[in-house]
Structure formats: structure tokens, C-alpha cells
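Student:
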Amino acid sequence: MSTLVATPVPEPRSSQGFRVAMLLPGALVTFLLILFALGLVLFLAFRTNDGSLLGAGFTVANFVMVVSDPLYWTVTLRSLVIAALVTLATVVTAYPVAYYLAFHAGRRRGLLLFLVTLPFWTSYLLRVFAWKIVLAYNGVLNSALIESGIWSEPTLAFLNTPAAVVVTLAHAYAPFAILPIYVALDTIPKSLVEAASDLGARPFTSFRRVVLPNSMPGVLAAALVVFVPTVGDYVTPALVGGPASTMIGTLIQAEFGKANDWPFGAALSVAVMLVILCVVLVARFADRRFGSRT
């Protein structure tokens, strides 16, 4: 009896043309808007602030101030450290969830994925306010500690601290880390894990030698998805962080807002984009190294 082999049917050219026609307008609009926004920021970064919207004359004084003033170096370094801690906390807590979804969820996978994406249904600002209520002086956490007898009076050790910013951001960006890791884990052939088990590898050895290396592209993608927006976040430090938690996004927002110095705010934005670009290049290099090893 002959074996039947399914031969893929090539997609008609008319269907390909229809797909391109449907995708092209949205892609062009998105590309042009991003290009316009980046061009405007670069243009403003080299302008002199004279109180007008677009400034007057061209100068590099904005970048000189960014490089020479230690305040911006300190705040930028603090932003990178906080973003790195948020990324580490998010990825470490997201990996077990993604691993369970990929290998042990079974029929409950759809429901659990729905629960993972459920925070997207609520406002980001609302979630930050919720953490502010939890960490406040008379908030949920202090009340629970007093009721349990651990402490006798409320404390200010939770709110307006860098730790509060890290916890709030890690919770807010957890779904962004779970999903890329889950996709990477789900694409690992189960036969590889079974083969490692058949060859005598223990579960931890199988995880360390097979699962973890093959999931590293997803881990790096999750780290970038979390790290890039948290570096420039200014809402969370303003609501749950104190003066010691001021991040570069807060300074940029102040330059565009209260200070009304759009050129200098644009220069700060360009400096932050360059720093993030360096991080992305390092992550891409690491992704290639992991890819070559696996």
C-alpha cells in the first residue's frame, strides 16, 4: 500500500497581492509616524530653547549639558539599575509560569493564558494606584502586618522607595515576560526532552541541558520587552517612588512639561535611546551566541 504524502499547495498570486494590499497602508502609516516622531525629536535636540515650540537656531549645547552634568549621569545609572532589577525579577518569576503553561497545563492552558492576559484589560495607571494603596502608610500591607501582630504601628518603609518601584513595575510587566518565554518553550520539541530522559538524564539535567538553552531566545526577548520601557518610565516613580527613585523618564517629562524646555528634553530622550540601543545590540549578540550553541 502506497503512502500518501500531503503536498503543500502554493498560494495563488492574487491572494498574495491581496495580502500585500491590505498590509501596505497600515505598515506605511506606522513607519511614517515613527519616522516623523524620531525625526522631530532629533531636530529638537539640536535647537536652542527660546520659548517657541520648535526653538531657534542649531546648537550642541543640549548634549554638552547632558554629558557634563553629573546629575543626568546619576539619574541615568539609577534608571538602568532599577530597570535591570525589574527585568531580573520579572523574568525569574515569569519563567516558572511559562514553563508550567508549556509543559504541564494540559487542557487548562487556554484558561491560564487568558488569566495571564487579563491585566491588559485594566488600565496601567489603575494598577499602579492599586499598588500605592497596598504599600501606603495606612495601606493593606501595613494593616495586615499590624493585625497579625508582626508590627505594632505602620511604617513608611514600603512606599516612596526604589523597592516599591521595582515591585510595581515587575507586576505591571509580568505578562510581557510570560508570553515570549512561553512561546519559546512551546516550540521546543517534546521529543528532545523525552530523548534526554531515555538517555538517563535526570529532570534537572534535562532542563539545564535541553530546555533552558533552547528557551534563551524567548528569555532575551522577554528581558528586552521589559527593560526597554521601564528605563523611561515616569508614572510609576512619580506615584510609588520618592526622591531616591527619580528616573530619567521623570526628568524628561519635567523638561517637556514644567520647564517647557523641549530641546533639552529631546536631547535627554536621544541620549536614553542611544543607551537603550547599546543594550539591544548586546542582547542581540547574546542571542546569536545562544543560537549558535543550540
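Here the sequence shown is numbered in my numbering, starting from 361 and rising by one per residue.
All residues carry an ideal CB built from backbone N, CA and C; glycine is no exception.
Can the beta-carbon of V570 be found closer than 8 angstroms to that of P540?
Tutor: Along the sequence shown, read from residue 1 onward, the residue named residue 570 stands at position 210. Along the sequence shown, read from residue 1 onward, the residue named residue 540 stands at position 180. The answer is no: Cβ separation not under 8 angstroms.
Student: Distance check for T606 and V441, CA to CA, integer angstroms please.
Tutor: Residue 441 sits at position 81 when you count from the first residue of the sequence shown. Residue 606 sits at position 246 when you count from the first residue of the sequence shown. Distance between the alpha carbons of V441 and T606: 12 angstroms.
Student: Using the C-alpha atoms, what's the distance from V526 back to Y459?
Tutor: Position 99 of the sequence shown, counted from the start, is the residue given in the question as residue 459. Position 166 of the sequence shown, counted from the start, is the residue given in the question as residue 526. C-alpha separation (whole angstroms): 23 angstroms.
Student: Please name the residue, chosen from D558, T515, Q376, R648, that lies closest to L580 on a Cα-to-Cα basis.
Tutor: Indexing the sequence shown from 1 puts residue 580 at position 220. Per the Cα distances, R648.
Student: So is R644 buried or exposed if we call it buried at 16+ other beta carbons inside 10 Å?
Tutor: The residue you call residue 644 lines up with position 284 of the sequence shown. Counting Cβ neighbours within 10 Å, R644 comes out exposed, since fewer than 16 surround it.
Student: Between the alpha carbons of A555 and I538, how many angstroms are there, rounded?
Tutor: For the purposes of this step, residue 555 is taken as the residue at position 195 of the sequence shown. For the purposes of this step, residue 538 is taken as the residue at position 178 of the sequence shown. Each residue's alpha carbon lies about 26 angstroms from the other.
Student: Between the C-alpha atoms of D429 and T408, what's the straight-line distance to the nearest angstrom?
Tutor: Translated into the one-based positions of the sequence shown, residue 429 becomes position 69. Translated into the one-based positions of the sequence shown, residue 408 becomes position 48. Cα to Cα, D429 sits roughly 18 angstroms from T408.
Student: Under 8 angstroms, with one C-beta from each stretch per pair, do the region 515-534 and the region 596-616 reach the 3-pair mark?
Tutor: yes
Student: Under a three-way DSSP split, which group does T436 fall into?
Tutor: To locate residue 436, count along the sequence shown from 1; it is residue 76. For T436, the three-state secondary structure derived from DSSP is helix.
Student: Are there 16 or more other CB atoms within 10 angstroms of the CB of W511, so buried, or fewer, so exposed?
Tutor: Looking up residue 511 in the sequence shown gives position 151. Exposed, by the Cβ-count rule.
Student: How do the region 390-407 and the region 613-633 stand: do at least 3 beta-carbon pairs fall below 8 angstroms, yes or no?
Tutor: yes
Student: Considering only residues of the same chain and omitting the five flanking positions on each side of T454, which have a CB-CB separation below 7 angstroms?
Tutor: In the sequence shown, counting from the first residue as 1, residue 454 sits at position 94. This sequence places Ala at residue 454; Thr is not what is there. The residues are A534, A537, I538, I541, A582.
Student: Which of the three DSSP states, helix, strand or coil, is assigned to F418?
Tutor: Locating residue 418 in the sequence shown gives position 58, where the first residue counts as 1. Note: F418 maps to strand in three-state DSSP.
Student: Pull up the distance between the alpha-carbon of W433 and that of F418, whole angstroms please.
Tutor: To locate residue 433, count along the sequence shown from 1; it is residue 73. To locate residue 418, count along the sequence shown from 1; it is residue 58. In a straight line, the C-alpha of W433 is about 24 angstroms away from that of F418.
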